[in-house]
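Here the structure is laid out as structure tokens; the discussion comes afterwards.
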Amino acid sequence: MFYAYEKFPSIYAIILYNWPMKILGIESSCDETAAAVVSVAKNQQFDILSNVVYSQTKEHIEYGGVVPEIASRAHMERMDQIVQQALEQSQTTLADVDAIAYTQGPGLLGGLIVAQSFAKSLHLATGKPIIGVNHLEGHALTAHLTEKLNFPYLLLLVSGGHCQFIHVTDLGQYQLLGSTLDDSIGECFDKVAKMLGLPYPGGPNIERLAQDGDPTAFNFPLTLQDGSVNFSFSGLKSAIRRQLEALSDDERQNAMSDICASFQHTVSRILQKKCAIALQQTQSKQLVLAGGVAANKLLRSELNSLCAENNVTFHAPPLKLCTDNAVMIAYAGALRFVANPQTADYKTLQAKPRWPLDQL
Ligand code: KG4
Ligand code: ZN
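As structure tokens, then:
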């Protein structure tokens with residue numbers, strides 16, 4: 339159970355804590371090792387005091403995607419330095435921290451265990467309360483922090499791990515409207531890039547080549563046009579594979595930019611069609627685009643145009659808070675903590691690789 343916004347902050351929190359409160363956030367659910375400190379004042383003013391992210395791209399580049407074993411080892415090797423840096427940059431000591439929020443799920447189990455063990459160790463060493471946060475709730479609330487967006491809003495989360503619509507109607511009230519039936523959108527960019535011999539992460543490389551290509555050169559399928567707000571990218575990937583197989587090596591080299599541009603254009607059209615349905619379903623007047631794929635300029639500008647045509651405002655949080663980070667974990671943890679400082683016994687907190695947002 340979450341809380342009514344009017345009760346923020348709870349009377350317990352006002353009596354028990356010194357204000358402003360400081361919350362340390364820790365994240366390691368995929369391939370970013372991250373820590374951050376946010377402060378929260380009694381008047382609901384939130385400040386980001388630090389935001390440290392180590393992205394493991396180097397570790398995974400030769401495999402063309404995230405390797406879970408390598409990711410968890412890399413989290414373990416760096417977590418203490420990253421947390422130390424986040425504390426130093428915020429000029430905070432562990433003694434000044436009021437609570438520790440960490441990503442409890444969903445994500446890769448090995449990575450989740452690193453943040454969880456680290457947070458539990460800090461809790462045991464310092465006695466500071468510990469809060470397990472749902473990573474998707476972090477993404478869902480980011481626009482509430484960065485854009486000061488009022489509820490309700492429609493979130494399209496497009497990342498390496500997710501492709502889903504969430505209707506955020508209030509704090510703690512999230513409705514999962516639809517999601518991918520197979521690959522996430524980021525995975526699709528990465529796999530298509532791999533087929534084209536482009537390095538990981540594929541999204542930025544496809545975007546770069548697409549700049550010089552013709553988006554109408556190839557006609558790739560608009561997958562899963564079934565009137566739902568679910569996605570499927572496997573058919574699109576297969577169509578590109580078949581197209582590549584039909585080309586000679588030389589033709590393929592010459593067509594690289596056109597294939598990238600046509601693929602990106604197809605993804606953009608799929609997202610536009612799905613957004614139009616989701617906006618219609620929810621009657622939402624605000625669309626938020628978040629996740630690593632939100633870095634793509636074509637997707638941003640075309641979704642922006644779609645929103646403008648439909649009298650909907652378009653929001654994309656700053657990229658460094660759109661991709662995986664610990665500010666969003668600290669923020670979601672802070673909101674929960676100030677509403678209810680009676681946190682769970684640390685022994686009951688278990689990492690949850692699968693944890694849909696509507697099951698919070
Ligand atoms: O949210 P994110 O940083 O992390 C995870 O979900 O792990 O998303 C990473 C994904 C990768 O698949 C990457 O290829 C994709 O975001 N991405 C992009 C762009 N920049 C990153 N996709 C398309 N266009 C981009 N400019
Ligand atoms: Zn994420």
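For the sequence shown, counting from 1, position 304 maps to 642 in my numbering; every step adds exactly one.
Built from N, CA and C at the ideal position, the CB exists for glycine as well.
What I want to know is whether the C-beta of residue 635 ends up closer than 8 Å to one or more non-hydrogen atoms of the ligand KG4. Checking every heavy atom of the ligand KG4 against the Cβ of residue 635, one is found closer than 8 Å.
Contact set for residue 376: own chain, Cβ-Cβ below 8 Å, skip 5 residues either direction: Listed in chain order, the non-local C-beta contacts of residue 376 below 8 Å within the same chain comprise 360, 361, 363, 384, 385, 386, 387, 665, 668, 669 and 672, local neighbours out to five positions each way being set aside.
Here's the rule I'm using: 16 or more other beta-carbon atoms within 10 Å means buried, otherwise exposed. How should residue 351 be labelled? Looking at its Cβ environment, which holds 16 or more other Cβ atoms inside 10 Å, residue 351 is buried.
From what residue to what residue does the beta strand (DSSP E) around residue 377 run? First-last of the beta strand (DSSP E) with residue 377: 370-378.
Near the ligand ZN: residue 573 beta-carbon under 8 Å from a heavy atom: No, the beta carbon of residue 573 sits no closer than 8 Å to any heavy atom of the ligand ZN.
Could you check if residue 467 belongs to the surroundings of the ligand KG4, using beta carbon to heavy atom distance under 8 Å? No.
Compute the Euclidean distance between the alpha carbons of residue 433 and residue 400, then round it to the nearest angstrom. Going from the Cα of residue 433 to the Cα of residue 400 covers about 41 Å.
Can you check which of these residues, 616, 625, 478 and 584, is closest to residue 569 by C-alpha distance? Checking every option, the nearest Cα to that of residue 569 belongs to 616.
Under the assumption that residue 636 contacts residue 614 (Cβ atoms under 8 Å), give the Cβ distance between them as a whole number of angstroms. So it is not a contact: roughly 17 Å between Cβ atoms.
Looking at the secondary structure, which residues open and close the alpha helix (DSSP H) in which residue 399 lies? Per DSSP, residue 399 lies in no alpha helix (DSSP H) segment and is marked neither H nor E.
Using alpha carbons as the reference points, say which of 379, 431, 547 and 625 lies closest to residue 503. In terms of CA proximity to residue 503, 625 leads the group 379, 431, 547 and 625.
Considering only the alpha carbon of each residue, which of 639, 514, 544 and 392 lies closest to residue 698? Nearest option by C-alpha distance: 514.
Burial state of residue 389, where buried means 16 or more other Cβ atoms lie within 10 Å: Buried.
Start-end ranges of the alpha helix (DSSP H) lying completely within the region 422-470, minimum 4 residues: If we require 4 residues or more, the alpha helix (DSSP H) runs fully inside the region 422-470 come out as 447-464.
I need the straight-line Cα distance from residue 705 to residue 578, nearest angstrom please. The question about residue 705 has no answer here: the residues shown for the chain are numbered 339 through 698.
Is the region 457-475 touching the region 678-692, taking contact as three or more C-beta pairs under 8 Å? Yes, since at least three Cβ pairs between the region 457-475 and the region 678-692 fall closer than 8 Å, the two stretches touch.
With distances taken from CA atoms, which of 444, 446, 524 and 380 is nearest residue 628? Ranking the options by Cα distance to residue 628, first place goes to 524.
So, with DSSP's three-state summary, where would you put residue 502? Reduced to three states, the DSSP call for residue 502 is strand.
Would you say the beta carbon of residue 662 comes nearer than 8 Å to a heavy atom of the ligand ZN? Residue 662: yes, Cβ under 8 Å from the ligand ZN.
Kindly indicate which three-state DSSP category residue 596 falls into: helix, strand or coil? DSSP places residue 596 in helix when its eight states are reduced to three.
Count the C-beta pairs between the region 546-556 and the region 594-613 that are closer than 8 Å, then say yes if the count reaches three, no if not. These segments touch.
Can you give me the C-alpha to C-alpha distance between residue 409 and residue 499, rounded to a whole angstrom? Note on geometry: alpha-carbon atoms of residue 409 and residue 499 lie some 14 Å from one another.
Verify the contact flag: residue 526, CB atom, against every heavy atom of the ligand ZN, threshold strictly below 8 Å. Residue 526: no, Cβ never under 8 Å from the ligand ZN.
Check residue 675 in the structure and name its three-state DSSP category. It is helical.
Alpha carbon to alpha carbon, how far is residue 526 from residue 368? Give it in angstroms, no decimals. Their backbone Cα atoms lie some 17 Å apart in a straight line.
Environment of residue 465 [buried if 16+ CB atoms lie within 10 Å]: Classification of residue 465: exposed, given that the 10 Å Cβ count is below 16.
From which residue to which residue does the beta strand (DSSP E) around residue 623 run? That residue, residue 623, is in no beta strand (DSSP E); it is neither H nor E in DSSP.
Does any residue of chain B have a CB that is nearer than 9 Å to the CB of residue 576? Protein chains in the displayed structure number just one, and chain B is not present.
Run of the alpha helix (DSSP H) containing residue 529, from where it starts to where it stops: Residue 529: member of the alpha helix (DSSP H) spanning 523-533, first to last residue.
Where the alpha helix (DSSP H) containing residue 581 begins and where it ends: For residue 581, the enclosing alpha helix (DSSP H) starts and ends at 572-583.
Can you tell me whether residue 634 is buried or exposed, with buried defined as 16 or more other CB within 10 angstroms of its CB? Per the 10 Å Cβ criterion, buried.
Residue 512 versus residue 611: straight-line alpha-carbon distance, rounded: Straight through space, the alpha carbons of residue 611 and residue 512 are spaced by roughly 22 Å.
Helix, strand or coil at residue 560 [DSSP, three-state]: Coil at residue 560, not helix or strand.
Could you give the DSSP three-state label for residue 517: helix, strand or coil? Looking at residue 517 - three-state DSSP - the assignment turns out to be strand.
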